Amino acid sequence: MFLYDFTELTSSIHEGLVSSLGEGLLTTTIEFVIAGIAYLLFFAIFGLFAVYLERKVCAVIQNRPGPNRVGPYGIIQTIADFIKLLMKELIPIKNSDKVLFNLAPFIVITATFLSIGAIPFDKGLQMMDFDIGILYVTAVSSLGVLGILLAGWSSNNKYSLIGAMRSGAQIVSYELSAGLSLMTIIVLAGTMQFSEVVAGQADLWFIFKGHIPAIIAFVIFMIAGTAETNRGPFDLAEAESELTAGFHTEYSGIKFALFYLSEYMNMFVIAAIGTTVFLGGWQPFQIPGLDGFNTVMAYIPPVLWFFLKVFVLIIVMMWFKWTFPRLRIDQLLRLEWKYLLPINLVNLILMATCVLLGWHL
Amino acid sequence: MNAIVEYIKEVLGGVKSLLTGLSVTVKYFFSPGEIVTQEYPENRATLKMFDRFRGNVYMIHNEQNQHTCTGCGICEMNCPNGSIEVISKTIVVDDKKKKALDKHIYRMGMCTFCGLCVKSCPSKSLAFGQEFENSVYNRSDLTRILNKPNSTIAIKQ
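As they're listed, the protein sequences go chains V and R.
My numbering puts the first residue of the first sequence at 526, with every later residue one more than the last.
My numbering puts the first residue of the second sequence at 88, with every later residue one more than the last.
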C-alpha cells in the first residue's frame, strides 16, 4: 500500500524515466518539474483551504457565523475571492522601482517553496533529503524577509517602508530563537537530516523524549515561528490600524494575492517544521510498552498523521492570532532579547546536560 | 540573586496572563454560545433598528399634515457639509407678514449623519428615521424635500 511508504511510488517513477530517457540532465529536469507542479498544486489548494479555515476559526472565536453565503457553509468563498483577485487591475505605481516592485512577491513565494522542499510528508515523500536539512530550512525561510524589504523599499511609500523595516528587525531577532530552539532538539536527535530526525522518533516523539527542555523549546519555537510568519500578535509589519497594510500597501491584484498566499504557506512551513522536529513528523503516536495501542495507531497512514499534526499546530497559531492584541515594536524586541533568547540559551544547556547524563526517555 | 527571582516571577506571570487570555478564547471556540451577529437579508421582516439609530433625516409631521418648522435656517447653518438648504417664503398671518418654510431640501448623498441639524433645531421638527436601505439607481434620488406637499405649520399650543 503506497500510503504507508512512498519510496516505491517515487522510485518507480524514477526508474520509468531512466529506462525511457536515460540517466542525465533531462530526467533530472523532468523530475524537478513534476515535484514543482505537485508542490504548486498542493499550495494552491492548501492556501484556499487555510484562508477559509482562518476565517471560520476567527468567526467561531468572535461568536459570528463566518463566511456562509457562497456554497454550503461558505466553502466556495475563498475560490470566489481568488477569482476576484485574479481579475483585479494591477495598479502601476508612479516613481516606484518597477523591477524590484515586481520582483518582490516572487522572492517571498520562492523562499517559502525552497523551505517546503526539504520537509518529509511521508516516508520517501520528500523533494530533497539534505544532511543539513534543519539548517537549510532555517536559512532559506528567512530569505522571505528580503522580498518584504524590497517590497517596502520599492513602493516609494512611507507606510510600506516602515512596515518593511519593522519586519526586518523582527525576523533578524526571532530567527535566533527559532534556530536555537531547533538546536535544542538537534542536540537530542544528534542529526540535522530530516529523515533521520523523523526516524529517531519512531518509538516516542521528541517532545516527550526530551520532556521539560523539549517542551520549553517547543513553546519558544511556536512563538518565534508565529513571529517569523508575520502573523498576529506579531503582525506589526502590516499593522492595519497604523500602516494601512504595511509592506504590501501598494500591491493589488495577483501580486497582493501572492503575498497573502505566502503568509499562509509560511504558516504551513512553520507548522510542518514544528511537526517534524517536535511531534514526530509522519510517525504515528506511540507509547512504549502498549503494543496493541501502537498497532492501532500505526494502522493510520503516516501522511494522515502528518497532516493531522500540522492542522492542529495551524489551529493553535490561529488561536494565538485571534486572542492576543498586537505588540508594539519595543515590546516585540524586548520579548525576544530579554526573555526568549536567555531562556533559550539556558534551555540549550539544560538539554545538553540531560542528553549527557542520559536523563531523556 | 534578587533580580533573577524577579525575572523568573515576571516570566511566569507573563505565561499565566497569556494562558488566561487563551482560555477565554478556547471557551468561545468550543462552546460558541449565541451568535451575536444577524444574518441581514433573511431577517429583514423582523429586523428592528434601535431607537437611537441615525438613519435618514426626516421632518416630523402630525396627522393633519402639519410640521413645526419655521424656516429659520439654523439647521442649514449648522450642517458641516452643506447638505441642507432651506428655502423660505413670506406668508401673511393676521395681516402680518411672516417668514415660513417653502422647501426644506436635504441632500442625503452629502450627509454624514452627524446629527447637528436634529440637535440644533429650535422647534424640534427634524428627527432621525430608522431606514438604512438608502441605495438608489440615480444620484438625484438622494436629494429629498423633507416637508410634505401642501403641509402647513402647526399652531403652537
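From the three backbone atoms N, C-alpha and C, an ideal C-beta is built for every residue, glycine too.
Small disclaimer: the values here were computed from a predicted structure and weren't measured.
*According to DSSP, is L542 (chain V) helix, strand or coil?*
helix
*What separation, rounded to the nearest whole angstrom, lies between the Cα atoms of G715 (chain V) and G688 (chain V)?*
39 Å
*Assess, as a yes-or-no matter, whether the segment 707–721 of chain V is touched by the segment 731–743 of chain V under the definition of 3 or more beta carbon pairs within less than 8 Å.*
yes
*Minimum C-alpha distance to F116 (chain R) - residue among V:G817, V:P645 and V:G591*: V:G591
*Interface residues of the segment 589–611 of chain V facing chain R [CB-CB below 9 Å]*: R589, P590 and N593
*Which residues, in order along the segment 825–857 of chain V, keep a beta-carbon less than 7 Å from a beta-carbon of chain R?*
W844, W847, T848 and F849
_Below 7 Å on C-beta distance, what does L109 (chain R) contact in chain V?_
W844 and T848
*asked:* My output table needs one value for T769 (chain V): the three-state DSSP class, helix, strand or coil.
replied: For T769 (chain V), the three-state secondary structure derived from DSSP is coil.
*asked:* Distance check for S777 (chain V) and F810 (chain V), CA to CA, integer angstroms please.
replied: 44 Å
_From V:E614, V:T663, V:S685 and V:F607, residue whose alpha carbon lies closest to that of E765 (chain V)_ = It is V:S685.
*What residues from chain R crowd round Y864 (chain V), counting only those whose CB sits closer than 7 Å?*
V98
*My guess is that C162 (chain R) and S207 (chain R) are in contact by the Cβ rule of under 8 Å, so how many angstroms apart are they, rounded?*
6 Å
*Between the beta-carbon of L769 (chain V) and the beta-carbon of N682 (chain V), is there less than 7 Å?*
Residue 769 (chain V) is actually Thr in this sequence, not Leu. No, they are not a contact pair.
_Using C-beta distances below 6 Å, list every residue in its chain close to K106 (chain R), excluding the 5 sequence neighbours before and after it, in chain order._
Position check: residue 106 (chain R) holds Leu in this sequence, whereas Lys was assumed. Once the five neighbours on either side are set aside, L106 (chain R) has no close Cβ partner at all.
*asked:* If the cut-off is 8 Å on Cβ atoms, which residues from the segment 114–128 of chain R count as contacting chain V, listed in chain order?
replied: Y115, F116, P119, G120, E121, I122, V123, T124 and E126
*Every unbroken beta strand (DSSP E) inside the segment 759–826 of chain V [3 residues or more]*: DSSP runs (the beta strand (DSSP E)) wholly in the segment 759–826 of chain V: none.
*Residue closest to D897 (chain V), alpha-carbon to alpha-carbon, out of V:F607, V:E721, V:R580 and V:I696*: Since the first and last residues shown for chain V are 526 and 886, residue 897 (chain V) lies out of range.
*Between V871 (chain V) and chain R, is there a C-beta pair that is closer than 7 Å?*
No, because no Cβ of chain R sits closer than 7 Å to the Cβ of V871 (chain V).
_Identity of the residue in V:S698, V:G693, V:M652 and V:P850 nearest I562 (chain V) by Cα_ = V:M652
_Beta-carbon contacts of I696 (chain V) that lie in its chain and below 7 Å, excluding the five residues immediately before and after_ = S667, V670 and E753
*asked:* Using 8 Å for Cβ pairs, my map puts L134 (chain R) next to C166 (chain R). What's the rounded Cβ distance?
replied: Actually they do not touch by this definition, with Cβ atoms about 29 Å apart.
*Min CB distance V585 (chain V) to chain R below 7 Å*: Under the Cβ distance rule, V585 (chain V) counts among the residues neighbouring chain R, one pair being separated by less than 7 Å.
*T133 (chain R) versus chain V: which residues are under 9 Å apart at the beta carbon?*
For T133 (chain R), none of the residues of chain V pass the 9 Å Cβ criterion, the least Cβ distance being about 17 Å.
*What residues are listed by DSSP as bridge partners for L866 (chain V)?*
Answer is none; L866 (chain V) lacks a bridge partner.
*Can the beta-carbon of V880 (chain V) be found less than 7 Å from the beta-carbon of L713 (chain V)?*
yes
*Reducing DSSP to helix, strand and coil, say where Y145 (chain R) ends up.*
strand
*Specify, as a first and last residue, the run of the alpha helix (DSSP H) that I616 (chain V) falls within.*
No alpha helix (DSSP H) holds I616 (chain V); DSSP gives it neither H nor E.
*Mapping DSSP to helix, strand and coil, what is G188 (chain R)?*
Note that residue 188 (chain R) is Leu in the sequence shown, not Gly. Three-state DSSP puts L188 (chain R) in a strand.
*asked:* Strictly under 7 Å for the Cβ-Cβ distance: is T112 (chain R) near chain V by that measure?
replied: For T112 (chain R), the nearest beta carbon of chain V is closer than 7 Å to its own beta carbon.
*Is T57 (chain R) near K183 (chain R), with beta carbons less than 7 Å apart?*
Outside the modelled stretch of chain R, which goes from 88 to 244, sits residue 57 (chain R), for which no answer is possible.
*Can you name the residues that DSSP bridges to Q153 (chain R)?*
R:T239
*asked:* In the DSSP output, which residue or residues are listed as bridge partners for F215 (chain R)?
replied: R:V144
*Shortest alpha-carbon distance to L625 (chain V) belongs to which of V:L650, V:S640 and V:L674?*
Of the residues V:L650, V:S640 and V:L674, the one whose Cα lies closest to the Cα of L625 (chain V) is V:L674.
*Which runs of the alpha helix (DSSP H), 4 residues or longer, sit entirely within the segment 658–746 of chain V?*
658–666, 669–679, 683–714, 719–724 and 731–734
*asked:* In whole angstroms, give me the CA-to-CA distance for S212 (chain R) and E150 (chain R).
replied: 14 Å
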